[in-house]
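Reading through the structure tokens given below for one structure.
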Amino acid sequence: MKNKRNHLLTNLGVACVIMLVMTLTACFGSSSSTDSPISSNPATSASSLTATITDVSIPDSGGTPTVSFTITDANGNGVTGLTGMRYIIAKLVASADGEPSYWQSYINTTATKEAGDPGTTKDGTTAVQATTENDSSEEGAGVLTEKGGGQYEYVFATDLSAVTTENGKALDVPYEPELTHRVAMQISATNDDGETIWANPIYDFQPSTGDTTGITTRDMALTSSCNECHDDLAMHGGGRHEVKYCVTCHNPGTVDPNTGNNLDMALMVHKIHRGASLPSVADGGEDYEIYGYHDTEHDYSTVVFPQDIRHCEKCHNPSDEETPDASNYAEVPYIRACEACHDDIVFDGNTPEDWQVAHSGGTATNAECATCHGGSGATVDGRIAGVHVIATEVAAANFQYNILSVKNTDPGEFPKVKFSVTNPLTDETYDVKSDPQWTGSGSINIKIAWNTLDYNNTDSESGDEGDPAQPVSLNGETATANGDGTFTITSDIAIPAGAEGSGVVMIDGRPSEALDDDGLYDDRIPVTNAVKYFKITDDETVERREVVSMDKCNNCHGFLSLHGSNRNNKIEACVICHNPNATDIVVRPAMTDDDEDDVPDDFDATGTDGKREESIDFKYMIHAIHAGSSEEHGYREAGIVVYGYGGRAHDYSEVRFPGSLNNCNMCHTEDTYLLPMEDDILATTIGTGDVFADLADPDVDENISPMSSVCSSCHDSALAQTHMEQNGGEFDSTQAVITANASETCAICHGDGKTADVNTVHGITE
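Mapping of the sequence shown onto the numbering used here: residues 773 to 1538, in sequence order.
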């Protein structure tokens, strides 16, 4: 039967972008039976669903499978009255001739690109697509029987012994009972609270023996790995969550008729995640698109994977017992998976286009791939596990920054810092004054900042003409060697007389290595920054508050490394410079000099965003960057452009956040996002005065009050600003110091436990 619409890709929207993560299978589910539910309730009263497939039976010659399953709520009560569920059955085709094993659905349809439909293929193009059955009264539906107490039975309409084109099916799929089979289900309902509750039970078994363990598997990725970035993988209208379910439809033979793009999980998910950096997109000028339900276009050409794409083990973790086949990515190479990312390589011997290259080994077949690119048996230095290694990250394990002591830290004194750089693998020390790692592109810097309640660095005298809010920065190469592998450096700028509280010392910078054996130490090594706190006027040292987790950042970013590999893997280091008083004004283009005295005094130029400057305060900037602003994917009404080193503009308007933007727990620790804020958090500077001399003078800054700064970083509409101003928020204050809770009354309604607290308005649940 031909269907006009693509039955496979229902609602692959923003959430889908990076919402499938990196191939082939694994998830939750069970193949064992459960005790009978203790009582029964309708789905409308449930807060969640748990479904377990207890048995699947298939007649010896094939026929129609029968599935027995149980659905319970959070309290173990049986859930009754559910219908409209979806079912699929697939077999795991064995590997042959270099082609890996793959899932093939028995249930398939034919989709057609009709005249006038969007896409890049000719009208009338047809494509086979895996699909599901349902238990409705429609033609082709199976028979659902409710047994009572949350127990159900479903008999498929599909006869596994007759899946052939001669019988009107879209594809010939012979029944092979000796192979591993999988039944997967989509169960969803809406409860009385308006919440969508769901379950995707999975059942793997071998029909010829009935075995559910000790059978062939293809479990290469976990849904939980996907959800480290995607928060909750939810596709096709939100009912499909588990990777083990995804692969039952996303078979190698499933194709989008509108574009001709293959929708095999291994190919599609790798291409989605490489997105904007795909050679076909970046160099070939093509778009990577898939058309879904009702011809909905899903363009992944702007997707930016937030870490190095070579981090294969982000999704394929061989050390996890739940993904026993994860090492296949390195040991079983085949063309379809490789060309997913490397689509500029022509493997079949055809003439490459101008943005492509021919495969260096000549015309290739799957059977030959492992010879060069497989595991330990490969004969050339092209093994996947080796070529995907990130040499600079491996080299980083050989370096550790150490701050040993900080002295002379009273107001008016010149701080003295003792430090070292060691190899934690050998306990050897580096000489930062003469070792080649600190020559060429290498550097090491010591920065001193204050106050840890919220950094402002006032009177630091740092940067050109007093770069606003920046810490004291000392070049480590000017330090004095102590003769024991340690070094001491003394600041030439004193702790200001008016400084209070506690301060911090940070080491940043990067060593360099000659990783390509050319003798040039020009490969930048990202080493985790070091911080050490010290007291100025406090009786005991007070460390800076921690509200986000570096581990949570790295769930998506892998190893957070910015500013030319100088600032690495340490949120405590980031906030020293990205503090409330800091903006990007000194790196914005063309500051004018009306007096022609070589000292720019007016700021007339604007950036690509039409602004003279942008806040780089962490609490504002990071939220705004992740929120994006593009019509299709973002949340903000306006984008955010931040200028960096060399006057380079970084436009984050097209950022596609892969998770739920309203889930503060994706980044924050515990309840640190709840109101009220701590009293000493400072307002965010959005304007630094009219002349160059104003840069280091916070008394003339234009500020947004603290709570309004955080909220408006996502909620940037005029209406939202008006609401904040009506409740004490300020957006153009020139007060020298505004601290949290000084004037804002946000916590009256939005405070922890109030009627509209942050958890409530964001829909955050346990």
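All residues carry an ideal CB built from backbone N, CA and C; glycine is no exception. Remember, it's a predicted structure, so these values are computed and weren't measured experimentally.
Buried versus exposed, by CB contacts within 10 Å (16 or more), residue i
| i | result |
| --- | --- |
| Lys1342 | buried |
| Lys1179 | exposed |
| Pro1029 | buried |
| Leu796 | Low local confidence applies: a pLDDT of 30 at Leu796 is under 50, so the model's placement there is unreliable, with the coordinate-based value given in what follows. With 16 or more other Cβ atoms within 10 Å, it is buried. |
| Gly1400 | buried |
| Ser877 | buried |
| Pro1361 | exposed |
| Thr995 | buried |
| Ser822 | Per the sequence shown, the amino acid found at residue 822 is Thr instead of Ser. Classification of Thr822: buried, given that the 10 Å Cβ count is 16 or more. |
| Glu1502 | buried |
| Ser980 | exposed |
| Arg1420 | exposed |
| Leu1176 | exposed |
| Ser805 | Any reading at Ser805 must be qualified, since the residue scores a pLDDT of 39, below 50, and its modelled position is unreliable; no value is offered. |
| Gly940 | exposed |
| Ser817 | exposed |
| Val1299 | buried |
| Ser1132 | exposed |
| Thr1181 | buried |
| Gly1535 | exposed |
| Glu735 | Beyond the ends of the chain as shown, which are 773 and 1538, falls residue 735; an answer cannot be given. |
| Leu1334 | exposed |
| His1522 | buried |
| Gln1242 | buried |
| Glu1409 | exposed |
| Lys774 | Per-residue confidence for Lys774 stands at a pLDDT of 39, beneath the threshold of 50, marking its modelled position as unreliable; the derived number appears in the next sentence. Counting Cβ neighbours within 10 Å, Lys774 comes out exposed, since fewer than 16 surround it. |
Cβ-Cβ distance between residue i and residue j below 9 Å
| i | j | result |
| --- | --- | --- |
| Asp1280 | Lys1190 | no |
| Asp1524 | Val1533 | no |
| Ala846 | Ser811 | no |
| Ala1271 | Ile1297 | no |
| Pro1268 | Asp1003 | no |
| Tyr924 | Gly834 | no |
| Ile830 | Ile860 | no |
| Gly1056 | Glu1125 | yes |
| His1045 | Asp1036 | no |
| Gly1416 | Asp1381 | no |
| Asp1115 | Ser1073 | no |
| Pro1468 | Asp1226 | This sequence places Ala at residue 1468; Pro is not what is there. Cβ atoms of Ala1468 and Asp1226: not closer than 9 Å. |
| Pro949 | Asp832 | yes |
| Ala1512 | Met1449 | yes |
The alpha helix (DSSP H) enclosing residue i, as first and last residue numbers
| i | result |
| --- | --- |
| Gly1551 | This structure leaves residue 1551 out entirely; the chain is present only between 773 and 1538. |
| Pro1478 | 1478-1484 |
| Phe1390 | 1390-1399 |
| Gly1145 | The sequence shown places His at residue 1145, not Gly. Unbroken alpha helix (DSSP H) run through His1145: 1138-1145. |
| Glu1103 | 1100-1103 |
| Lys1304 | No alpha helix (DSSP H) contains Lys1304, which is instead part of the beta strand (DSSP E) from 1302-1307. |
| Gly1158 | 1156-1159 |
| Thr884 | Note, Thr884: premise wrong, no alpha helix (DSSP H); beta strand (DSSP E) at 880-884. |
| Ser1177 | Where Ser1177 is concerned, there is no enclosing alpha helix (DSSP H), although the beta strand (DSSP E) it sits in stretches over 1172-1179. |
| Lys1188 | Element bounds for Lys1188: not the alpha helix (DSSP H) but the beta strand (DSSP E), 1188-1195. |
| Leu1491 | 1490-1498 |
Extent of the continuous beta strand (DSSP E) to which residue i belongs
| i | result |
| --- | --- |
| Ala971 | 968-971 |
| Pro814 | 812-814 |
| Lys1219 | 1215-1222 |
| His1045 | From DSSP, His1045 is part of no beta strand (DSSP E) but of the alpha helix (DSSP H) over 1037-1046. |
| Met1278 | 1274-1282 |
| Arg858 | 858-865 |
| Thr1258 | Neither: Thr1258 is in no beta strand (DSSP E) and is coded neither H nor E. |
CB-CB length for residue i against residue j, believed under 8 Å
| i | j | result |
| --- | --- | --- |
| Arg1282 | Ser1215 | 6 Å |
| Ala1109 | Ala1157 | Not a contact, Cβ separation roughly 14 Å. |
| Thr984 | Pro1096 | Actually they are not in contact, since the Cβ atoms of Thr984 and Pro1096 sit about 15 Å apart, beyond 8 Å. |
| Asn906 | Met992 | The Cβ separation is near 28 Å, so there is no contact. |
| Thr1031 | Ala902 | Actually they do not touch by this definition, with Cβ atoms about 17 Å apart. |
Stretch pair the stretch 918-927 + the stretch 863-873: three plus CB contacts closer than 8 Å:
no
Is the stretch 1430-1439 close to the stretch 1315-1327, with three or more CB pairs under 8 Å?
yes
Does the stretch 1352-1359 come within contact of the stretch 1385-1395, defined as at least 3 CB pairs closer than 8 Å?
yes
Do the stretch 893-913 and the stretch 928-935 meet, that is, are 3 or more Cβ pairs less than 8 Å apart?
yes
With three or more C-beta pairs closer than 8 Å as the rule, is the stretch 952-959 touching the stretch 970-985?
yes
The stretch 1055-1074 in contact with the stretch 883-900 per 3-pair CB rule at 8 Å
yes
The stretch 1192-1204 in contact with the stretch 1158-1176 per 3-pair CB rule at 8 Å
yes
State whether the stretch 1247-1266 contacts the stretch 1483-1500, with contact taken as three or more CB pairs (one from each stretch) at a distance under 8 Å.
no
So, does the stretch 849-860 touch the stretch 1079-1097, judging by three or more C-beta pairs under 8 Å?
no
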